[in-house]
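Working notes, structure below.
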Amino acid sequence: AQTVTQSQPEMSVQEAETVTLSCTYDTSESDYYLFWYKQPPSRQMILVIRQEAYKQQNATENRFSVNFQKAAKSFSLKISDSQLGDAAMYFCAYRTTSGTYKYIFGTGTRLKVLA
Amino acid sequence: NAGVTQTPKFRVLKTGQSMTLLCAQDMNHEYMYWYRQDPGMGLRLIHYSVGEGTTAKGEVPDGYNVSRLKKQNFLLGLESAAPSQTSVYFCASRRQGAFGNTIYFGEGSWLTVV
Chain A
1 AQTVTQSQPE MSVQEAETVT LSCTYDTSES DYYLFWYKQP PSRQMILVIR
51 QEAYKQQNAT ENRFSVNFQK AAKSFSLKIS DSQLGDAAMY FCAYRTTSGT
101 YKYIFGTGTR LKVLA
Chain B
1 NAGVTQTPKF RVLKTGQSMT LLCAQDMNHE YMYWYRQDPG MGLRLIHYSV
51 GEGTTAKGEV PDGYNVSRLK KQNFLLGLES AAPSQTSVYF CASRRQGAFG
101 NTIYFGEGSW LTVV
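Residue numbers (this note's numbering), protein chains in the order written: chain A, 1 to 115; chain B, 1 to 114.
In structure tokens form, the structure reads like this:
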């Protein structure tokens with residue numbers, strides 16, 4: 001079975017600085033999708049960025065980028081020029097490309113942005 | 001464009017009472033999911049559906065039942081609520097196939113069982 005691990009329960013970053021959130025996963029599959037979701041205090045889950053495992057190029061979305069290391073099964077999220085609005089819980093998620101259609105979520109990292 | 005809508009957003013139940021959470025999506029998605037979110041445990045899958053009339057168990061199905069009589073609706077039922085079911089519940093949906101790899105969430109339903 002696949003698992004997703006986020007080992008940092010909480011992180012802090014100064015406004016305008018850069019922060020990296022860690023995520024590791026375990027799978028025997030070769031093809032899959034990885035995601036980072038943001039959950040602000042409103043509780044709604046918002047897609048931040050996604051990565052297809054067959055793509056070697058790291059995904060980027062404006063100030064958000066990932067460092068995808070397939071062999072190491074690592075998928076970290078880098079937030080550049082952090083803003084107060086980035087404060088939220090961040091979840092790493094794994095989705096298989098076949099069979100069960102299920103998403104596996106990590107336990108989350110709470111990001112605090114300091115003014 | 002409503003997306004995924006959950007009803008109700010807040011509810012307090014007494015132990016042993018029953019209730020149904022309704023999830024409605026207007027994106028014609030085939031797949032729908034119910035998750036619960038608890039502190040320190042992330043999101044855990046309760047039940048899911050890959051199409052109208054079909055349902056399947058997730059990681060934590062005990063104490064819950066679901067139905068998908070219409071493609072746009074996915075109902076989560078608690079027959080006899082227990083304090084352990086106090087949680088935030090999220091419904092989600094996605095399209096079938098490789099292009100449907102983005103999952104859309106509702107805003108969550110806060111359930112307290114006393």
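Note that beta-carbon positions come from the ideal geometry of N, C-alpha and C, so glycine has one too.
By the Cβ neighbour-count rule, residue 46 (chain A) is exposed, with fewer than 16 other Cβ atoms within 10 Å of its own.
Residue range 87–94 is occupied by the beta strand (DSSP E) that includes residue 91 (chain B). Note that the C-beta distance between residue 31 (chain A) and residue 53 (chain A) is below 8 angstroms. A residue is called buried once 16 or more other Cβ atoms fall within 10 Å of its Cβ, and residue 12 (chain B), having fewer, is exposed. With respect to residue 77 (chain B), residue 64 (chain B) sits close: the two C-beta atoms are nearer than 8 angstroms. Under DSSP, the beta-bridge partners assigned to residue 78 (chain A) are A:20 and A:65. The CB of residue 89 (chain B) never comes closer than 8 angstroms to any CB in chain A; the least such distance is about 11 angstroms. Those residues of the segment 69–84 of chain A placed with their C-beta closer than 7 angstroms to a C-beta in chain B do not exist. Per DSSP, the beta-bridge partners of residue 52 (chain A) are A:33.
Residue-level contact check: residue 21 (chain A) does not touch chain B, since none of the beta carbons of chain B fall below 8 angstroms from its beta carbon.
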